[in-house]
Structure formats: C-alpha cells, structure tokens
Amino acid sequence: MIDPITALAGIQSAISMVKKASKVANDLGSLAPMIGKMFDAKSTATKALIEAKKGKGSNMGTALQIEMALEQARAFEEELKMLFMTTGKVDVWNKIKARQEQMDVDDARELRSLERAEKKAKQKEDELNELAMIIGGCAFVLFLVGIGVYELMEFCETTRRCGR
44 MIDPITALAG IQSAISMVKK ASKVANDLGS LAPMIGKMFD AKSTATKALI
94 EAKKGKGSNM GTALQIEMAL EQARAFEEEL KMLFMTTGKV DVWNKIKARQ
144 EQMDVDDARE LRSLERAEKK AKQKEDELNE LAMIIGGCAF VLFLVGIGVY
194 ELMEFCETTR RCGR
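The sequence shown begins at 44 in the numbering used here and counts up one residue at a time.
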C-alpha cells in the first residue's frame with residue numbers, strides 16, 4: 044500500500060509537470076502520456092487515502108486530505124477542458140469524457156461481479172465448514188458408540204452375564 048502523503052504529492056507533481064509541459068507543447072497529443080499519469084496519480088491517491096482511513100487517524104484530517112486532492116484534480120481537469128476548447132478540440136474532449144464514463148460503468152460492473160463472486164465463494168466455504176462440522180460430530184458420536192459397544196462386549200465377556 045502506498046503512503047497517502049506520497050500519493051498526494053504524486054498528484055501535485057503530475058499536475059505541475061503537465062502544466063509546465065502544456066506551455067511548450069505543440070499539440071495536445073504529446074501531452075497525453077503525462078495527462079494519463081496525472082489521472083493515474085489521482086486514482087492511486089484516492090485509493091491510498093481510503094485505505095489509510097481504514098487504519099488510524101483523524102476523520103477530519105483524512106476528509107481534508109481527500110477533498111483537497113480531489114478539488115485540485117477537479118480544478119486541473121477544468122483547465123485541461125479549457126485547453127482542449129481553446130485549441131479547437133472540443134470533440135476530442137467530449138470523446139474522452141464519454142470513454143471515461145463508459146470505462147467507469149465497466150469498472151463498476153466488474154467490481155459488482157467480483158463482489159458477487161467473493162460472496163458466493165464465502166457462502167460455499169461456510170457451507171463446507173458446516174458440513175465438516177456435521178461430519179466431525181457424527182464421527183465423534185460413532186466413535187463414542189463404538190467405545191460403548193466395545194466396553195459392553197468386554198463387560199459381558201468378563202462377567203458372563205449378558206443377554207438372557
């Protein structure tokens with residue numbers, strides 16, 4: 044797991060790098076790898092902060108870090124949108140946003156599928172554990188019955204007083 048502070052620094056570094064590169068770049072296509080890295084950094088930071096929240100820490104501090112990082116990324120996304128608009132590439136921006144939305148839907152669908160599979164596997168494991176406990180209990184009872192029958196046979200043999 045990545046440190047949340049490092050992840051947040053990664054966002055800031057990526058945004059700074061893209062801003063500097065956009066000033067000297069001839070076209071938006073050459074910025075694509077850096078922009079992609081910035082959004083990867085945003086995703087990593089969000090996940091790191093959510094994981095960090097599961098541990099110890101202040102709710103206010105965690106909420107502040109998450110919201111500030113996301114706000115910075117939102118503001119940069121608006122700047123990026125304006126950059127596409129000013130270069131006459133609004134159609135490209137719209138395609139990017141449409142693709143992002145479709146990928147988000149696909150990711151959500153895949154996540155739900157994984158959660159269902161995990162739930163099904165857990166349920167199967169629970170059923171197998173139950174079955175193992177039942178089989179173990181039955182074997183224990185049979186073992187006790189076997190000991191009882193053996194002891195009864197031994198008693199009958201030594202006292203010669205079994206049956207009628």
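Note that the Cβ used here is the ideal one computed from N, Cα and C, for glycine as well.
Residues near residue i in its chain [Cβ-Cβ closer than 6 Å; skip 5 each side]
i: residue 119; result: 58
i: residue 80; result: 57
Run of the alpha helix (DSSP H) containing residue i, from where it starts to where it stops
i: residue 165; result: 133-202
Nearest to residue i (by Cα), restricted to the options the options
i: residue 83; options: 104, 110, 52; result: 52
i: residue 209; options: 187, 103, 108, 76; result: The structure shown does not extend to residue 209, since the chain is modelled only from 44 to 207, so the question has no answer here.
Same chain, Cβ closer than 8 Å to residue i, five either side skipped, listed in chain order
i: residue 110; result: none
i: residue 133; result: 127
Same chain only: Cβ atoms within 7 Å of residue i, ignoring 5 sequence neighbours per side
i: residue 192; result: none
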